[in-house]
Amino acid sequence: MKLYTNLFSPNARKVHAVANELGIELEIHTVDLRAGEQRAPEYLALNPNGKVPTLVDGDTVVWESNAIICYLAGQGDTDLWPKSAKRYDILRWMFWESNHLTNPLNRLFGQKFFSGGNPDQVIIERATKDFRKYAEVLDANLANNAYVTGDTLTLADFAVGVAFGYIGPLELPVEGLGNIHRWWDAFSTTESGKILLPG
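The numbering used here numbers the first residue of the sequence shown as 1 and each following residue consecutively.
Structure (structure tokens):
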């Protein structure tokens with residue numbers, strides 16, 4: 001399997017972390033984002049969104065990081081993606097991450113890293129408020145769970161966890177959310193969890 005990737009991308013790091021956890025070796029092709037390689041016709045033929053990551057496995061092409069990690073975990077039988085009804089709870093949190101948590105994160109990312117030194121404080125304030133709202137949902141869920149979907153690590157932890165690598169760089173509003181801190185501090189110190197960290 002070949003992964004088109006760039007570790008600057010949080011979504012790409014998510015795939016690398018899951019592959020590491022599963023012990024899957026991938027052929028890595030780093031897409032040069034600064035040079036615009038993601039907009040080259042040959043890459044757009046694989047991923048018309050012009051984004052990373054993209055996984056190629058023979059004739060199968062998968063893009064969207066959450067779809068890729070499901071594909072990787074589906075290669076075998078693993079607690080990360082169990083062949084049981086628990087998959088629907090894992091999917092629920094993965095959809096929650098992509099539809100709710102990622103939106104304010106992306107707005108903060110854009111303003112703090114790509115605003116040319118002139119961030120829009122109104123956007124930052126709104127995004128911070130939105131992120132806090134969803135972080136509180138996660139914190140409440142973690143009050144009774146060691147991991148996002150229960151007592152074992154699953155794909156949901158990787159999907160949701162990548163956002164929390166930016167607690168420092170983006171000044172994410174997680175003060176007082178002790179359940180998130182407990183979960184993230186433990187997860188981010190594992191071999192695979194460390195891959196989620198920017199830098």
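Just so you know, even glycine gets a beta-carbon here, dropped at the ideal spot from N, CA and C.
Requested in this report: Give me whichever residues DSSP pairs with H29 in a beta bridge.
Outcome: Y4
Query raised in the report: What residues in its chain sit with their C-beta under 7 Å from that of Y71, if we drop five residues either side in the sequence?
Result: L55 and V62
Query raised in the report: Does DSSP put L215 in a helix, a strand or coil?
Result: As displayed, the chain neither begins before 1 nor continues past 199, which places residue 215 out of reach and without an answer.
Query - 8 Å Cβ shell around G50 - same chain, five flanking residues per side excluded - result: Q38, R39, Y43 and L44
**Report entry** DSSP-derived helix/strand/coil call for G161
**Finding:** helix
Query - C-beta atoms of V162 and V148 nearer than 7 Å - result: no
Report task. Quick one: give me the first and last residue of the beta strand (DSSP E) that T60 is part of. Result -> T60 to W63
Query - Continuous alpha helix (DSSP H) assignments of at least 4 residues falling wholly in the stretch 70-140 - result: 86-96 and 102-113
**Report entry** Residues of its chain near R107, where Cβ-Cβ distance is below 6 Å and the 5 sequence neighbours each way are ignored
**Finding:** I123 and A127
Query raised in the report: Near L101, which residues of its chain fall below 6 Å by C-beta distance, leaving aside the five closest residues on each side in sequence?
Result: Y134 and A163
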